[in-house]
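> Have a look at the structure that comes next, please.
Numbering (the UniProt record's numbering), first residue to last: 1 to 77.
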C-alpha cells in the first residue's frame with residue numbers, strides 16, 4: 001500500500017489534483033518499486049479505493065471499482 005501511495009505522491013496525484021489513469025499509477029509502481037506482476041498492484045489499488053473494503057479509503061477512485069455485492073472492478077485502463 002505504501003508503495004502505491006508513494007508513487008501517487010511522486011506523480012503529483014493528491015486530493016486537489018486531476019484524476020490519473022490506473023494504468024499510469026500501476027506502471028509507475030511496477031517500474032520503480034515492485035518489478036513483478038501488475039495484477040497484485042492493481043488489486044491493491046482497487047481495494048484502497050473501495051469504501052466498503054477498508055474503514056478509511058486511502059484513494060478517491062473515479063469509475064467502476066466494484067461493489068459490495070461482489071461485482072469486480074473494471075479492467076485496468
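Think of the CB as a built atom: it goes at the ideal place given N, C-alpha and C, for glycine as much as any other residue.
Going straight from the alpha carbon of residue 51 to that of residue 61, what length do you get?
Counted from its first residue, the chain shown places residue 51 at position 51. Counted from its first residue, the chain shown places residue 61 at position 61. Computed Cα separation, rounded: 10 Å.
> Would the beta-carbon of residue 73 fall within 8 Å of that of residue 66?
In the chain shown, counting from the first residue as 1, residue 73 sits at position 73. In the chain shown, counting from the first residue as 1, residue 66 sits at position 66. Result yes, Cβ atoms of residue 73 and residue 66 sit closer than 8 Å.
> Report the rounded CA-to-CA distance for residue 17 versus residue 44, giving the unit in angstroms.
The residue you call residue 17 lines up with position 17 of the chain shown. The residue you call residue 44 lines up with position 44 of the chain shown. Going from the Cα of residue 17 to the Cα of residue 44 covers about 21 Å.
> How would you write the range of the alpha helix (DSSP H) that residue 38 sits in, first residue to last?
The residue you call residue 38 lines up with position 38 of the chain shown. Note, residue 38: alpha helix (DSSP H), 38-49.
> Taking the beta carbon of residue 22 as the centre, do at least 16 other beta carbons fall within 10 Å, making it buried, or is it exposed?
In the chain shown, the residue the question calls residue 22 occupies position 22. Counting Cβ neighbours within 10 Å, residue 22 comes out buried, since at least 16 surround it.
> Which word fits residue 54, buried or exposed, when buried means at least 16 other C-beta atoms lie within 10 angstroms of its C-beta?
Residue numbering aside, residue 54 sits at position 54 when the chain shown is read from its first letter. Residue 54 is exposed by the Cβ-count criterion.
> Of the residues 70, 68 and 2, which one's Cα is nearest the Cα of residue 32?
On the chain shown, position 32 is the one that residue 32 refers to. Of the candidates 70, 68 and 2, the one whose C-alpha sits nearest the C-alpha of residue 32 is 2.
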